[in-house]
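Start counting the sequence shown at 11; every next residue gets the next number (our numbering).
Everything on this sheet refers to the single structure shown next.
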Amino acid sequence: MTGPSVVVLDYGSGNVRSAVRALERVGAEVELTADPGAVADADGLVVPGVGAFAHVMQALQAVGAPRLIERRLAGGRAVLGICVGHQVMFSSGVEHGTEVEGLDQWSGLVERLDAPVVPHMGWAEVEPARDSVLFDGVAQERFYFVHSYAARTAPEYVRTTWATHGETRFVAAVENGPLSATQFHHEKSGDAGAQLLSNWLGTL
């Protein structure tokens with residue numbers, strides 16, 4: 011019996027192979043591609059992201075990803091954003107004084123963390139949303155973060171999981187119908203990350 015089919019969106023982002031391997035380890039049938047047909051047909055779509063908000067948005071637009079993501083969500087088809095793939099789901103991001111439009115799935119601004127040490131790199135506890143599906147069984151676990159920017163607000167209608175670095179309380183994860191996203195890296199979060207991915211696969 012095969013697992014659910016998952017496409018990891020291939021648009022030039024780094025570190026996608028580790029995301030593919032992490033999904034395969036928890037039983038998914040994974041394809042790394044930006045082919046519109048494959049993206050539309052897969053049970054789940056993962057949008058990874060490493061680097062600057064503006065660069066990721068440009069790369070996503072180059073492969074027509076905003077439309078592909080919008081079509082999936084309109085049909086109630088699951089999408090999971092990771093790291094900057096999480097950040098671009100918000101309205102906009104500010105880096106070096108320049109504001110860039112995001113995918114605007116959720117209202118909110120991604121901005122630099124207010125902390126003595128940036129980037130935020132390492133393991134951190136999270137405060138899962140009530141009735142979270144993603145964090146079922148791992149609510150007390152720590153997850154691995156590598157980032158300098160984050161959203162500090164999220165709409166009230168979404169399930170929001172929080173974390174704190176320095177003086178900044180930021181959005182660590184969001185669950186909103188077919189669209190979920192996490193600021194941390196599942197593939198670097200050991201057994202807790204694997205369980206979270208398994209929980210997501212269980213929704214497909």
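We treat Cβ as the ideally placed atom computed from N, Cα and C, and that holds for glycine.
This one's a predicted model, so the numbers in the text were calculated from it and none came from an experiment.
Exercise. Are the CB atoms of Val-120 and Glu-185 nearer to each other than 8 Å?
Worked result: Working through the sequence shown from its first residue, we reach residue 120 at position 110. Working through the sequence shown from its first residue, we reach residue 185 at position 175. Contact flag unset, no.
For this session: Consult DSSP for Arg-122 and reduce its assignment to one of helix, strand or coil.
Result: Here residue 122 refers to the residue found at position 112 of the sequence shown. Three-state DSSP puts Arg-122 in a strand.
Exercise. When the distance is taken between beta carbons, is Ala-38 closer than 8 Å to Leu-19?
Worked result: As a first step, residue 19 is located in the sequence shown; it is residue number 9 there, counting from the start. As a first step, residue 38 is located in the sequence shown; it is residue number 28 there, counting from the start. Taking 8 Å as the Cβ cut-off, Leu-19 and Ala-38 do not qualify as a contacting pair.
Exercise. With a CB to CB cut of under 6 Å and the five nearest residues on each side skipped, what residues in its chain are close to Gly-91?
Worked result: Along the sequence shown, one-based indexing puts residue 91 at 81. Cβ within range, chain order: Val-57, Met-99, Ala-191.
Exercise. Taking DSSP as the reference, what is the three-state secondary structure of Arg-140?
Worked result: Indexing the sequence shown from 1 puts residue 140 at position 130. Reduced to three states, the DSSP call for Arg-140 is coil.
Problem set entry | First and last residue of the uninterrupted beta strand (DSSP E) at Phe-100 | Mapped onto the sequence shown, residue 100 falls at position 90. For Phe-100, the enclosing beta strand (DSSP E) has its first and last residue at 100-105.
For this session: Can you tell me the Cβ-Cβ gap for Pro-138 and Thr-171, rounded? I've got them flagged as a contact below 8 Å.
Result: Residue numbering aside, residue 138 sits at position 128 when the sequence shown is read from its first letter. Residue numbering aside, residue 171 sits at position 161 when the sequence shown is read from its first letter. That pair is a contact at about 5 Å.
Problem set entry | Separation of Arg-122 from Ala-88, as counted between CA atoms | Taking the sequence shown and counting its residues from 1, one reaches residue 88 at position 78. Taking the sequence shown and counting its residues from 1, one reaches residue 122 at position 112. Going by the C-alpha atoms only, they are around 29 Å apart.
Problem set entry | Burial state of Arg-82 (16 or more Cβ within 10 Å) | On the sequence shown, position 72 is the one that residue 82 refers to. If you draw a 10 Å sphere on the C-beta of Arg-82, you find 16 or more other C-beta atoms in it, and that means buried.
Exercise. Can you name the residues that DSSP bridges to Ala-160?
Worked result: Locating residue 160 in the sequence shown gives position 150, counting from the first residue. Checking the DSSP bridge columns, you'll see Ala-160 partnered with Glu-121.
For this session: Starting from Val-16, follow its DSSP beta bridges and name the residues at the other end.
Result: Taking the first residue of the sequence shown as position 1, residue 16 is located at position 6. Per DSSP, Val-40, Gly-54.
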